[in-house]
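What follows is a short report on a single structure.
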Amino acid sequence: MPAALDAKEKAEIVDRLFVVFQDHGYEGASLADLSRATGLGKSSLYHHFPGGKEQMAEAVLEKGKAFIQAAVADVAKSAEPLKARVRRIVAALDQLYANGRNPCVLGRLAVSEIGPKGRQLAHDIFSIWTDGVAHLARETGMSQVRARQFAEDWIARVQGSLILYAANGDCSPFERAMNQLLELAKEKLPPDKRS
Numbered sequence: 001m002p003a004a005l006d007a008k009e010k011a012e013i014v015d016r017l018f019v020v021f022q023d024h025g026y027e028g029a030s031l032a033d034l035s036r037a038t039g040l041g042k043s044s045l046y047h048h049f050p051g052g053k054e055q056m057a058e059a060v061l062e063k064g065k066a067f068i069q070a071a072v073a074d075v076a077k078s079a080e081p082l083k084a085r086v087r088r089i090v091a092a093l094d095q096l097y098a099n100g101r102n103p104c105v106l107g108r109l110a111v112s113e114i115g116p117k118g119r120q121l122a123h124d125i126f127s128i129w130t131d132g133v134a135h136l137a138r139e140t141g142m143s144q145v146r147a148r149q150f151a152e153d154w155i156a157r158v159q160g161s162l163i164l165y166a167a168n169g170d171c172s173p174f175e176r177a178m179n180q181l182l183e184l185a186k187e188k189l190p191p192d193k194r195s
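Just so we're aligned, residue 1 is where the sequence shown starts under the UniProt record's numbering, counting upward by one.
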């Protein structure tokens with residue numbers, strides 16, 4: 001029987017699983033791919049993830065949830081000036097998505113047959129992300145409804161830009177999405193535009 005993994009080893013395994021699911025999606029990631037990436041045999045993978053590929057995807061989504069919480073939601077609600085918070089969020093997303101060249105593991109897994117726990121995790125991640133961006137938008141003077149719409153539209157724009165890059169190799173839609181968020185910090189909306 002394989003030895004139990006300590007927290008650091010488990011995190012490293014999940015990091016490797018993250019890349020496989022990011023590159024291949026849920027259905028495209030074979031057990032051979034997952035085994036090769038982690039350096040664990042198939043039986044060892046099942047020992048550490050008895051729920052199989054579904055549990056591996058859930059672990060990856062948990063990692064994504066922790067990232068969005070720390071890099072977006074917590075930063076958005078911190079006491080730093082708005083401009084600094086927005087820049088930190090953009091920098092974190094730029095790094096995660098390699099300036100728009102990496103696919104979104106959340107987007108790939110959210111449209112897959114990942115089971116109820118995975119679906120709930122995907123829902124939670126998008127909710128946390130939306131709440132964080134909406135919080136920033138509210139600070140610019142947008143109404144609560146408009147800020148939420150801005151956040152949803154902006155996240156959809158980011159996700160769409162990653163799909164466009166996969167199709168045509170052009171990062172400029174991602175760059176424009178990041179610039180749109182940066183624009184939030186430059187100027188507050190006039191009162192007549194806050195609806």
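Yeah, the Cβ is synthetic: ideal placement off N, Cα and C, and Gly gets one too.
Can you give me the Cβ contacts of A151 inside the same chain, cut-off strictly under 7 Å, excluding the 5 residues immediately before and after it?
Here residue 151 refers to the residue found at position 151 of the sequence shown. Answer for A151: T130, V133, A134 and A137, listed in chain order.
Are I68 and I128 close, meaning C-beta to C-beta below 8 Å?
The residue you call residue 68 lines up with position 68 of the sequence shown. The residue you call residue 128 lines up with position 128 of the sequence shown. In this structure, I128 lies closer than 8 Å to I68 by Cβ.
Is L109 closer than 8 Å to A59 when the C-beta atoms are compared?
Numbered from its first residue, the sequence shown carries residue 59 at position 59. Numbered from its first residue, the sequence shown carries residue 109 at position 109. No. Outside cutoff.
Select from E139, N99 and Q144 the residue whose C-alpha is nearest the C-alpha of L164.
Here the question's residue 164 lines up with position 164 in the sequence shown. The residue among E139, N99 and Q144 with its C-alpha nearest the C-alpha of L164 is N99.
From G39 to H48, what does the alpha carbon distance come to, in whole angstroms?
Position 39 of the sequence shown, counted from the start, is the residue given in the question as residue 39. Position 48 of the sequence shown, counted from the start, is the residue given in the question as residue 48. Their Cα atoms are separated by approximately 13 Å.
What do you get for S43, buried or exposed, if any count of 16 or more other CB atoms within 10 angstroms of its CB means buried?
Stepping through the sequence shown from its first residue, residue 43 is reached at position 43. Exposed, since its Cβ has fewer than 16 Cβ neighbours within 10 Å.
Buried or exposed: A156, going by 16 or more other Cβ atoms within 10 Å of its Cβ?
For this step, residue 156 is matched to residue 156 along the sequence shown. Label assigned to A156: exposed.
Are R87 and S78 closer than 8 Å when you measure CB to CB?
For the purposes of this step, residue 87 is taken as the residue at position 87 of the sequence shown. For the purposes of this step, residue 78 is taken as the residue at position 78 of the sequence shown. In this structure, S78 does not lie closer than 8 Å to R87 by Cβ.
How far does the alpha helix (DSSP H) with A151 in it reach, from first residue to last?
As a position in the sequence shown, residue 151 is number 151, starting the count at 1. It spans Q144 to N168 - the alpha helix (DSSP H) in which A151 sits, taken as one unbroken run.
Nearest to V158 by alpha carbon, out of G169, R119, R148 and P173?
Your numbering for residue 158 matches position 158 in the sequence shown. Of the listed residues, the one whose Cα sits closest to V158 is P173.
Would DSSP call A73 helix, strand or coil?
Locating residue 73 in the sequence shown gives position 73, where the first residue counts as 1. Note: A73 maps to helix in three-state DSSP.
Tell me, to the nearest whole angstrom, how far the beta carbon of L181 is from that of P103; I am working on the premise that it is less than 8 Å.
Within the sequence shown, the letter at position 181 stands for residue 181. Within the sequence shown, the letter at position 103 stands for residue 103. Not confirmed; about 20 Å, so no contact.
How would you label Q22, buried or exposed, when you count the other beta carbons within 10 angstroms and need 16 or more for buried?
As a position in the sequence shown, residue 22 is number 22, starting the count at 1. Label assigned to Q22: buried.
How big is the Cα-Cα spacing for V75 and A185?
Counting from one through the sequence shown, the residue named residue 75 turns up at place 75. Counting from one through the sequence shown, the residue named residue 185 turns up at place 185. C-alpha separation (whole angstroms): 14 Å.
Span separating the alpha-carbon of E80 from that of A71:
For this step, residue 80 is matched to residue 80 along the sequence shown. For this step, residue 71 is matched to residue 71 along the sequence shown. Each residue's Cα considered, the two are about 14 Å apart.
Does S30 come out as helix, strand or coil in the three-state DSSP assignment?
As a working note, residue 30 is residue 30 in the sequence shown. S30: coil per DSSP, three-state reduction.
Below 8 Å on the Cβ atoms is my contact criterion, and I expect Y26 with A57 to pass it. Report the Cβ-Cβ distance as a whole number of Å.
Here residue 26 refers to the residue found at position 26 of the sequence shown. Here residue 57 refers to the residue found at position 57 of the sequence shown. With a contact defined as Cβ atoms closer than 8 Å, Y26 and A57 qualify at about 6 Å.
Candidates L61, P50 and G52: closest to V19 by CA position:
The count along the sequence shown starts at 1 and reaches residue 19 at position 19. Nearest C-alpha to V19: L61.
Where does E183 fall in DSSP's three states?
In the sequence shown, residue 183 corresponds to position 183, counting from 1. Helix at E183.
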